[in-house]
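Working notes, structure below.
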Amino acid sequence: MRTAVYSMRLGRYCLVLGLALVFLVPGLGWGEVLKVTQPNQSLYPDPDFSSTPVAPVPQGAEVNVERQAGDWYKVEYQGKSGWINRQAFPAPRAGSKMSLPGLLFGAPVKQTSSDEVALAGKGFTPEVESGYRAKHPEMNFAQVDRIESFKVDPASLQTFIKEGDLKP
Amino acid sequence: MRSLTGWSWLAWLAAAPFLVGGCATTMAVAPVAAIAYKGASKAAEASRPINDSEEYYVGRAVAARILGKYKLDQNGKLTAYVNEVGNTVARKSSRPNPFRGYHFAVLDTEEINAFACPGGIILITRGLVKTCKNEDQLAAVLAHEVGHVANKDGINSISKARWSEVFTAMGAEAARQYGGVAGNLVTLFEGSIDDVFKTIVVNGYSRQAEMAADAAALTTLNRAGYDPNAMVGLLTVMEAKGKGASGGIFKTHPPTSERLAKVKGEVGETPPSKGKKTRSERFKEKVS
Chain G
420 MRTAVYSMRL GRYCLVLGLA LVFLVPGLGW GEVLKVTQPN QSLYPDPDFS STPVAPVPQG
480 AEVNVERQAG DWYKVEYQGK SGWINRQAFP APRAGSKMSL PGLLFGAPVK QTSSDEVALA
540 GKGFTPEVES GYRAKHPEMN FAQVDRIESF KVDPASLQTF IKEGDLKP
Chain V
15 MRSLTGWSWL AWLAAAPFLV GGCATTMAVA PVAAIAYKGA SKAAEASRPI NDSEEYYVGR
75 AVAARILGKY KLDQNGKLTA YVNEVGNTVA RKSSRPNPFR GYHFAVLDTE EINAFACPGG
135 IILITRGLVK TCKNEDQLAA VLAHEVGHVA NKDGINSISK ARWSEVFTAM GAEAARQYGG
195 VAGNLVTLFE GSIDDVFKTI VVNGYSRQAE MAADAAALTT LNRAGYDPNA MVGLLTVMEA
255 KGKGASGGIF KTHPPTSERL AKVKGEVGET PPSKGKKTRS ERFKEKVS
């Protein structure tokens, strides 16, 4: 009987401690700031690429994460709220701060310090491309880089669309 | 006693994230365990499709290989115009935002052809641009190519056996700290580029994939405000040009007459497209 009472007390302590950690420990809740590391990212009204973007989010911008749904994060950026795909962010590195969203919804597996293992885990990466380029110097990657520099300014595109009496 | 059990479950539930978190923290400082965990994880996801980032790198290499054969057209005005038309249709496609966006370029050749590299690089020959009679026809060509990217036809031409090998390499190497992973993956990457290149440049997509890209193009043209009948006009011109021809686009695509008949049936009755005259004028100015 005495053992049962002790167990009950221990259970209560664990509950209080667990709930306190969930709600009080800083850095574990929502409101995490993530930096956009990829170019050509946009804020969408819905977690769907086919919705019309609310605003562009430049590389290097910091967004406040409100919540996550699958591959999409609900974020706030420059006073605008919307969704941004996880492809905008890098995978967390080893030893990176643990986050509640990650624990609850499955953030990417933490990377180890081994470049080889990181490489293996990601499949076809810039490192693999480098290996391929070294093996095939005849391939014209310089021209590919040039093609990727061809960009249409969103404002110019809107003008082009309007002048052509096309659908915005 | 019943009450005690209830409290214990609640306590464990509350503490669970932190117990899991504790495991994760331990992983970060214990590389061997982390590697083994990662290896198991990769093995578990062995059936996942190639992701957008991986598709992008495959597409870059395929484009680089094509550009080993063709030079880029140096007419900046034309390239900018093709990018404007291309992006106008791409944003209305079923895949408006691939990993690094769409990029369009003109190849310096009179051949009539176009290539949709996985991930969003689309190459069109100057010969095909000139075959188009107006902007709406150019939009039809580009919408068809965007359709291939959206439908992932290029990346899906990587053989399943090879992709399984990629996973095997990823899983096996992730379970070891050091090894020849880069070399192994580079070889598999090389094979994947071969698969895609052979499909889009040498053999062509399946008849079904071409028809699906035509159907996607019609939808995209409608959504963008272009005249879907432009696809009929374009295929009619190409049918005439293709008589007696057996190379390039005529080799890698189903017979134009077959595509034309199907597209005519799908277009049906459409209202006149506004602004066609303005668009045709700017086409003449940019393409001449």
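Taken in sequence, the protein lines are chains G and V.
Position one of the first sequence corresponds to residue 420 (our numbering), numbered consecutively onward.
Position one of the second sequence corresponds to residue 15 (our numbering), numbered consecutively onward.
Each residue gets a CB set at the ideal place from its N, CA and C atoms; glycine is no exception.
The model shown is predicted, which means the values in this text are computed figures rather than measured ones.
In the DSSP assignment, G479 (chain G) is bridged to no other residue.
Going by beta carbons, I64 (chain V) and V72 (chain V) fall inside the 9 Å limit. Among the residues of chain G, those whose CB is under 7 Å from the CB of A78 (chain V) are M558, N559, F560, V563, following chain order.
Its chain contains C131, I135 as the residues whose beta carbon lies nearer than 6 Å to that of A77 (chain V), once the 5 sequence neighbours on both sides are disregarded; these appear in chain order. Residue range 128-130 is occupied by the beta strand (DSSP E) that includes A130 (chain V). Per DSSP, E495 (chain G) lies in no alpha helix (DSSP H); the unbroken beta strand (DSSP E) holding it starts and ends at 491-496.
Of the candidates G:L462, G:P475, G:V473, G:K581, the residue whose Cα lies closest to the Cα of V484 (chain G) is G:L462.
By the Cβ neighbour-count rule, G279 (chain V) is exposed, with fewer than 16 other Cβ atoms within 10 Å of its own. Collapsing the DSSP output to three states places G73 (chain V) in a helix. Residues of the same chain with a CB within less than 6 Å of the CB of F203 (chain V), apart from the 5 flanking positions on each side, do not exist. Interface residue (Cβ-Cβ distance to chain V less than 9 Å): Q457 (chain G) is classified as such. Beta-bridge pairing by DSSP links Y463 (chain G) to G:W502. Here Q457 (chain G) is not near F118 (chain V), since their CB atoms are 9 Å or more apart. Per DSSP, L585 (chain G) lies in no alpha helix (DSSP H) and is assigned neither H nor E. Sequence-ordered contacts of the region 201-225 of chain V with chain G read F203, E204 [C-beta pairs closer than 7 Å]. Counting only Cβ-Cβ distances below 7 Å, L81 (chain V) has contacts in chain G at N559, Q562, V563, in chain order. DSSP, reduced to helix, strand and coil, places F579 (chain G) within a helical segment of the structure shown. When only Cα atoms are considered, V120 (chain V) and A128 (chain V) end up about 9 Å apart. Around S271 (chain V), the same chain offers E253 as residues with beta carbons nearer than 7 Å, after the five sequence neighbours per side are excluded. Distance from the CA atom of Y551 (chain G) to the CA atom of P242 (chain V), rounded to whole angstroms, is 41 Å.
Ranked by Cα distance from Q151 (chain V), the options V:K276, V:G282, V:P269, V:N236 are led by V:N236. The beta carbon of K581 (chain G) sits closer than 8 Å to the beta carbons of P587 from its chain, once the five residues preceding and following it are set aside; these are given in chain order. Taking the Cα of D490 (chain G) as reference, the smallest distance to any Cα among G:Q497, G:S500, G:Y496, G:R505 is reached at G:R505. E98 (chain V) is a Cβ neighbour of S575 (chain G), given a cutoff of 9 Å. Neighbours of N101 (chain V) in chain G, taken as residues at a C-beta separation under 7 Å, are given in chain order as V571, L576. Distance between S500 (chain G) and R105 (chain V), taken at the CA atoms: about 21 Å.
Bounds of the beta strand (DSSP E) holding L453 (chain G) are 452-454. A distance of 9 Å or more separates the beta carbons of A507 (chain G) and V473 (chain G). Look at the beta carbons and you see the region 160-174 of chain V touching the region 219-234 of chain V: at least three pairs across the two are nearer than 8 Å.
Distance from the Cα of N198 (chain V) is smallest, within the candidate group G:P466, G:K554, G:F569, for G:K554.
The distance from the Cβ of I503 (chain G) to that of Q562 (chain G) is about 31 Å, inconsistent with a contact at the 8 Å cut-off.
S206 (chain V) has its alpha-carbon roughly 15 Å from the corresponding atom of T182 (chain V). Residue contact check for G583 (chain G) against chain V: a CB pair falls below 9 Å. For the pair T234 (chain V) and S108 (chain V), the CB atoms are nearer than the 9 Å cut-off.
Chain V places no beta carbon closer than 9 Å to that of P477 (chain G), leaving this residue out of the contacts.
Under the Cβ criterion of 9 Å, Q506 (chain G) is counted among the residues facing chain V.
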